[in-house]
Amino acid sequence: MFYLTTAIDYANGDPHLGHALEKIGADVIARYRRMRGDDVHFLIGMDEHGQKVAQAAADEDVTPQALVDRVAERFQAMWERLGISHDQFIRTTSREHIAGVYALIERIFERNPDDFYEKSYAGRYCVGCEAFKTDSEIKDDRCVLHPTRILEWVEERNWFFRLSRYQDFLRNHFAAHPGFLGPDSRRNEILALLDQGLEDVSASRARLTWGIPFPRPTRDGEAQTTYVWFDALPNYLTATGFPDPSFTRRWPAQLHVIGKDITRFHCVIWPAMLQSAGLPLPHAVWAHGFVTLAGGERFSKSAGVRVELAEAVERYGPDAFRYFMLREVPFDGDGAFSWERFEERYNADLANAFGNFASRTIAMVERYFGGVVPSGRPNEIDDADAADYVRYGEALDGSRGYLIQEALRCVWLTVARGNEYVDRSAPWKLAKDPAQRATLESVLATLVRQLIRQAVHLAPVMPERAEELWRQLGAPGSVHAQRFGAPLAAIDPAGWRVVRGDPLFPKEKEPSALSR
RNA sequence: GGCAGGGUAGCUCAGCUGGUUAGAGCACGGCACUCAUAAUGCCGGGGUCGCGGGUUCGAGUCCCGCCCCUGCUACCA
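Dropping the structure here:
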């Protein structure tokens, strides 16, 4: 079982490029795994509690539930449009999740009663943020985000989780499992944090109105609300059906795909919670980077969205968008989005190099062989491609992290090889000489084999376009039903009837009209 | 401030433990070709390798100092 998850998205706005990058990247991993033959379960979802959601609902004069219902629908519509192949969509307002959170907290109370304790928390509270502020967020006695408001000194009694107790456990875990967190830069940051020492974290809040009731009241009988760590993070566990005993069929997760900004929660608090509950830890966490804008401004939930996701998807279609994001934004770091760059990638990589390679190959099979793929034996082209696809696999299988952009580079090496091979072989010359018929057959069979492999290896990234190429090649079944490695190498397209279709990535007639 | 990473062609980046004329892709220019989405292939121009010292026969690659950028430095998520 390969159980992978993405961060659940906070339901206080519409999906933007940052959300999309994470889902697309995780989707590629999920699809890649399925095509390796793994039994994949891919979870995504929404984080729907919290003061900001309550506030947003109040502003619109709707109930919080009505608000999150609407937001969840918009997210799901976007994921469908983008071809995200999740198996499950969890929402933290669902009954199952709430029951799971109760069970997890109670399990900690049973197994490690000392891990929860009551403590008064005093601090400066910003009404604008609805949150306590730390010194670094305060300037001249005012919250840096709301300088016009006056900070209140607030004291409240909460449940706390004894995170500090797990410092050594976490350090040992990181030492024993070097691959637990990647990329290395994030891992080093967490190791530094562990060296610095851990403070306990609050597990409940008194003034939080929209959330899961904390299972136990405080000593003075006050009912509190579960704070974010114990509300949002457990979604990965509750989605498996926990506490139903069958949850072990999926748990522990193989991989949590998250943004680099929430690494700490997933690599410190979450593992400690699980350990406290006596549950196994996820095998790995991958912290991807951010999509930035050309100016360097960063996308985040608080920053304004400057490029409309819907527009970015519609302009060249979801598959081109998926390709662009993953090729341009390294999955272990940041990358910029710009229309100029998008058009460059689209024209150079998709239309000219790859799309045209498919077009010219299929056209030649039609022209010289009446559309029936000739037979031929694998040769040095297949060998060279195979070496590239080994690297493709190493970039996606997690052994060195999840370097999707490298996998794409590998496929394009084979595209370049194919175009070069066409020119070197000059089939149009071979076709004029009947004595060269066998050579012509061999060349075109080779090109079709290349396209087969490209379709299969691009299927995780561009599922729809890969399927269309598969169809144009006259290949049987679905590209998504294929398997990498030996089964793929064994495919012999001889006799397939190609179907010449529209270009895979049509170019706009007036490129200037697309420029901004 | 502390810790970590980075500053290499117009753009995005590769350059491992120091060693022939510093590389790739895109963009740009020329040539070739015509199967193809005026696509492709070949060739080429273009870089004081952040700045200043130092070690060495020799440094983008090591050492010191400085400048600049990014991330982390815990309760919005």
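Just so we're aligned, residue 7 is where the first sequence starts under the numbering used here, counting upward by one.
Note that CB positions come from ideal geometry on N, CA and C, so glycine has one too.
Out of the options, state which residue places its alpha-carbon closest to the alpha-carbon of residue i.
i	options	result
M331	E514, I410, L450, T224	I410
D201	M52, H22, F180, A212	F180
H320	R87, R97, I50	Rather than His, the amino acid found at residue 320 in this sequence is Glu. Answer by Cα proximity: R87.
A369	L453, H463, H183	L453
R459	A432, L446, F360	F360
G491	L204, Y38, L169, W165	Y38
H294	L261, R117, S282	L261
Q456	L419, I275, T298, L287	L419
R4	G382, E386, T445, V417	As displayed, the chain neither begins before 7 nor continues past 522, which places residue 4 out of reach and without an answer.
F248	P286, E195, E447	P286
D93	A105, E66, F8, R113	F8
A278	D389, N385, E350, L169	L169
E386	S405, Y427, N358	Y427
R80	A128, S126, A26	A26
Which residues share a DSSP beta bridge with residue i?
i	result
I96	G51
I264	A293
P233	Strictly speaking, residue 233 in this sequence is Tyr, with Pro absent from that position. Per DSSP, none; premise fails for Y233.
D15	M52
R39	Beta-bridge pairing links R39 to no other residue.
E162	Y127
A342	T298
E242	According to the sequence shown, residue 242 is Tyr rather than Glu. DSSP output for Y242 lists no bridge partner at all.
F8	V46
What whole-angstrom Cβ distance do residue i and residue j have, given they're in contact under 8 Å?
i	j	result
I35	L10	6 Å
V421	F363	6 Å
T98	N241	6 Å
A1	P509	No information on residue 1 is available, as it lies outside the stretch 7 to 522 that the chain covers here.
L214	T231	4 Å
G424	E474	Between E474 and G424 the Cβ distance is about 18 Å, and since that is not below 8 Å, they are no contact.
M84	L315	7 Å
S282	D388	Rounded, the Cβ-Cβ distance is 53 Å, inconsistent with contact.
A487	L23	The pair is not a contact, with the Cβ atoms about 31 Å apart (cut-off 8 Å).
Measure the CB-CB distance between residue i and residue j and report whether it falls below 7 Å.
i	j	result
Y352	M468	no
G188	W292	yes
A13	V59	no
S208	Y172	no
T246	F236	no
V160	Y123	no
A472	L479	no
W476	V379	no
K266	R192	yes
G89	P324	yes
T298	A342	yes
F296	D340	yes
W216	H55	yes
P221	I96	no
A64	L73	no
A393	L402	no
G377	V504	yes
W165	S91	no
R415	G284	no
I268	V107	no
A32	V263	yes
R255	H47	no
V449	V485	no
State the DSSP-derived secondary structure class of residue i, mapped to helix, strand or coil.
i	result
P70	helix
S521	Model confidence at S521 stands at a pLDDT of 36, short of 50, so the residue's coordinates are unreliable; what they give is reported in the following sentence. If DSSP states are grouped into helix, strand and coil, S521 belongs with coil.
A309	Summary for A309: the model assigns pLDDT 41, below 50, so the residue's position carries little reliability; its value from the coordinates is reported in the next sentence. A309: coil per DSSP, three-state reduction.
W257	coil
R304	Because the pLDDT at R304 is just 46, under 50, the model does not fix this residue reliably, and the value given afterwards should be weighed accordingly. Residue state, collapsed to three classes: strand.
E514	coil
D20	coil
P219	strand
S381	coil
G227	coil
R211	strand
V46	strand
G188	strand
S365	helix
S405	strand
R471	helix
L285	coil
L503	Strictly speaking, residue 503 in this sequence is Arg, with Leu absent from that position. The answer is strand: DSSP assigns R503 an E or B state.
F175	helix
F337	coil
Following a CB-centred definition, is residue i positioned closer than 6 Å to any heavy atom of the ligand HEM?
i	result
E514	Judged by which ligands are present, the structure shown has none, so any question about the ligand HEM falls away.
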